[in-house]
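One structure is given below, encoded as structure tokens.
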Amino acid sequence: MAKLEEQDNIDHYLTTFEKLAAACEWPKEDWAIHLIPLLTGKARSAFIAMDPENNMDFDKLKEAILKKYEINAETYRAQFRALETNQDETPRELYIRLKDLFCKWVKYDSSSKEALMETMVLEQYLRVLYPEVRTWVKERTPSTAAEAATLVENFVAAHKGSKRYRYAGVLDRQPWGKSDGAGRGRGSGALPSYTPHTLHTPPRNTPPPPQSSVKPQGVSCFNCGREGHKSPACPLRKPKHTFVLCAQP
1 MAKLEEQDNI
11 DHYLTTFEKL
21 AAACEWPKED
31 WAIHLIPLLT
41 GKARSAFIAM
51 DPENNMDFDK
61 LKEAILKKYE
71 INAETYRAQF
81 RALETNQDET
91 PRELYIRLKD
101 LFCKWVKYDS
111 SSKEALMETM
121 VLEQYLRVLY
131 PEVRTWVKER
141 TPSTAAEAAT
151 LVENFVAAHK
161 GSKRYRYAGV
171 LDRQPWGKSD
181 GAGRGRGSGA
191 LPSYTPHTLH
201 TPPRNTPPPP
211 QSSVKPQGVS
221 CFNCGREGHK
231 SPACPLRKPK
241 HTFVLCAQP
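Position 248 (the sequence shown) corresponds to 248 in the UniProt record's numbering; numbering is contiguous.
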């Protein structure tokens, strides 16, 4: 196998190496010894920076290399969601690539449906958070949506009284908890109150629907006899005169 080059896709390179090692029936404990001489650039830097006690462990070596390239579960999730077919790709190849990305994303081989459900719920929960809150929560790597919810509660409690935060895409909803009554929850500030009706309330700054210019059918004016308007709106209707009587004492 050729040495790693700068233009190589590191994920594909490591996958190719694993398949080659399995085909050659190398013992798993020897994989790192075969891989290390092939490493260059950032991958070799990752190996050099490893704890000497772990640098012969292939799984930990692979983890260190991917981390150096900033490849993680989020990378695989994004690739899985944005997957596009290649022009020369067969249906079977597409299936294998899609399954591989999914397994790397959720680290799912034989996990239960509950584990998969937690992964999907967590992804959706993080998606609807305000970006600053989402980043803060993801830095703490929650494994379930319940853990993420606890982190958000802690975040909101810590920022109470200073700055409020909202869910992503919420432009004008009630803040998390009680409203201050002065409209200060607007903008990039407050989280909405955690109630179903506010989660789906359209923003108030949505422009009103355009009014139809079509005249109502079957409406006749009693004043001029023409159709399309009523007597109070008749253009020929004379304005009423108002008289004010003044009396001298």
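Heads up, the beta-carbon is just placed ideally off N, CA and C, and yes, glycines get one too.
Bounds of any alpha helix (DSSP H) do not take in Gly228, whose DSSP letter is neither H nor E.
Contact between the region 42-50 and the region 70-89 is not established, with fewer than three Cβ pairs separated by less than 8 angstroms. The beta carbon of Arg237 is closer than 6 angstroms to those of Asn223 in its chain, skipping five residues each way along the sequence. In the three-state DSSP reduction, Leu39 falls in the coil class, being neither helix nor strand. Under DSSP, Leu20 forms no beta bridge with any residue.
Taking 8 angstroms as the upper bound for CB-CB distance, Thr144 and Glu118 are in contact here, some 5 angstroms apart. When C-beta atoms of the region 82-100 are compared with those of the region 51-65, fewer than three pairs fall below 8 angstroms, so the two segments do not count as touching.
DSSP places Leu83 outside both helix and strand once states are collapsed to three, so it counts as coil. Nearest in C-alpha terms to Glu63, of all of Arg81, Arg44, Phe80 and Gln79, is Arg44. Judged by DSSP in its simplified three-state form, Ser143 adopts coil rather than helix or strand. In the structure shown, Leu236 falls within a coil segment according to DSSP collapsed to helix, strand and coil. Annotation: the region 104-134 contains the following complete segments of the alpha helix (DSSP H) (minimum length 4 residues), in chain order: 113-127. Tyr95 and Leu20 have their C-alpha atoms roughly 21 angstroms apart. With respect to Leu116, Ala148 sits apart: the two C-beta atoms are not nearer than 7 angstroms.
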